[in-house]
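In the UniProt record's numbering, the protein residues as written are 1 to 281.
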Amino acid sequence: MKITSIINPEKQIIKLFPTTSIIDALTMLYNKNMRRAIIVDAGTNRVVGVLTNTDIVNLFGGGSKYNLVKSKHNGNFYAMINEPIKEIMTEDPICVKETALTKELVSLFVERYGGLPITSKDDILITVITERDLLDKLADKLDVNLKINDYMTKNPVLASMGQTLGDVAKVMLRNGFRRLPVASEGNLKGIITSTDFIKLIGSEWAFEKLKTGNIDEITDTRISELMNENVKTLTPENSILDAVNLILNNNFGAIPIVDSENSTKIVGIITEKDILSCFCK
């Protein structure tokens with residue numbers, strides 16, 4: 001099956017230029033509840049970069065892009081957010097031609113990516129396809145007997161209530177995670193996601209925290225102030241289809257898995273990527 005069968009011509013995507021400011025880009029992502037923007041050349045409409053929630057995690061202390069604010073702007077948050085997105089975007093991203101097969105896209109997602117630009121033979125941007133898009137199209141092909149226990153990540157890395165946003169950014173980037181369950185003594189308390197880092201700026205949450213304008217006022221904030229405490233869970237005995245339905249109906253990227261006899265004890269996590277791996281076996 002070719003990916004043309006998945007492409008939705010009416011799907012909204014965010015297309016920006018390299019000169020768009022960081023604050024404008026993140027405000028748009030937050031308002032449209034999206035996790036990525038495609039950056040195109042203004043003259044040719046060819047893809048030159050992507051801006052994802054992972055890039056924003058990097059910016060808030062997780063990696064090299066943190067230097068933009070700490071070194072170039074001496075920690076000045078306001079100066080940083082007015083920089084153009086070309087300073088933090090991922091350049092020359094992987095793009096998939098519209099003639100590619102769906103199984104090629106599945107392999108790319110399982111290997112690493114959460115969403116990819118789809119381009120014409122002339123490298124002109126057509127749309128974006130995400131893990132969520134694939135799950136929506138392939139869900140009816142899943143074996144109803146598949147159990148979460150066989151595909152979930154067991155004993156996941158957990159964040160603690162006392163950790164800061166800067167701490168979590170480092171853990172996410174180091175491990176390639178986009179979300180971390182938050183627990184106390186093994187009991188689930190909430191979840192923090194890479195999308196929450198978009199919320200920091202897009203919802204003006206960060207501006208309410210700032211007194212001096214130094215980014216440390218944000219990165220030193222406890223994650224308990226930003227995490228989502230209203231978390232839906234499943235157990236290892238639930239079916240993969242249960243996870244798919246919960247993800248699609250609630251716009252989740254992952255579901256924490258709890259012990260079937262103790263609804264607060266976290267034993268795993270299942271992500272969109274984990275579910276797509278079902279199609280690789």
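C-beta atoms are modelled at their ideal positions from N, C-alpha and C, and glycine is treated no differently.
No experiment lies behind these values; they were computed from the predicted model shown.
Would you check if there are 3 or more beta carbon pairs closer than 8 Å linking the region 226 to 241 to the region 110 to 124?
-> no
Rounded to a whole number of angstroms, what is the C-alpha to C-alpha distance between R35 and F177?
-> 14 Å
Element boundaries [alpha helix (DSSP H), containing R222] | Run containing R222: none; DSSP gives neither H nor E here.
Which residue's Cα is closest to the Cα of I85: Q12, L26 and D196?
-> L26
Three-state secondary structure (DSSP) at I266?
-> strand
In three-state DSSP terms, what is R174?
-> helix
Distance, Cα to Cα, L59 vs S5?
-> 36 Å
Report the rounded CA-to-CA distance for I13 versus A37, giving the unit in angstroms.
-> 7 Å
Among E91, K199, P18 and V106, which one has its Cα closest to the Cα of V57?
-> K199
Pull up the CB-CB distance for I257 and V267, whole angstroms please, since I reckon it's below 8 Å.
-> 6 Å
At which residues does the beta strand (DSSP E) containing V128 begin and terminate?
-> L125 to T130
Let me know if D55 comes out buried or exposed under the rule of 16 or more other beta-carbons within 10 Å of its beta-carbon.
-> buried
What three-state label does DSSP hand I6 in the structure shown?
-> coil
Just confirm the distance between the C-beta atoms of T90 and G63, as a whole number of angstroms; I'd bet it's less than 8 Å.
-> About 12 Å separates the two Cβ atoms, so there is no contact after all.
On the three-pair Cβ rule with 8 Å, is the region 200 to 207 touching the region 237 to 256?
-> no
With a floor of 4 residues, list each alpha helix (DSSP H) that falls wholly inside the UniProt domain "CBS" (7 to 66), ordered by position along the chain.
-> 22 to 31 and 53 to 57
Between D274, R112 and D216, which lies nearest to K70 when the distance is taken from Cα to Cα?
-> D216
For V144 and L241, the rounded distance between their alpha carbons = 7 Å
Is it buried or exposed for P181, if we count other Cβ within 10 angstroms and need 16 for buried?
-> buried
Residues that DSSP places opposite G166 in a beta bridge = Its beta-bridge partners do not exist; DSSP assigns none.
Selection from A100, N53 and I223 that minimises the alpha carbon distance to S160 | I223
Where L210 falls, given that 16 or more other Cβ within 10 Å makes a residue buried | exposed
At what residues does the beta strand (DSSP E) containing L255 begin and finish?
-> For the sequence presented, residue 255 should be read as Ile rather than Leu. Residues A254 to D259.
For my contact list, residue 290 and I88 are in at a C-beta cut-off of 8 Å; report their separation, rounded to the angstrom.
-> Limits of the chain in this structure are 1 at one end and 281 at the other, which puts residue 290 out of reach.
Rounded distance between the beta-carbons of T127 and K11, thought under 8 Å = 6 Å
Pair within 7 Å by beta-carbon distance, R174 and I191 = no
Closest residue to I81 among P156, I23 and L16 (Cα-Cα distance) = I23
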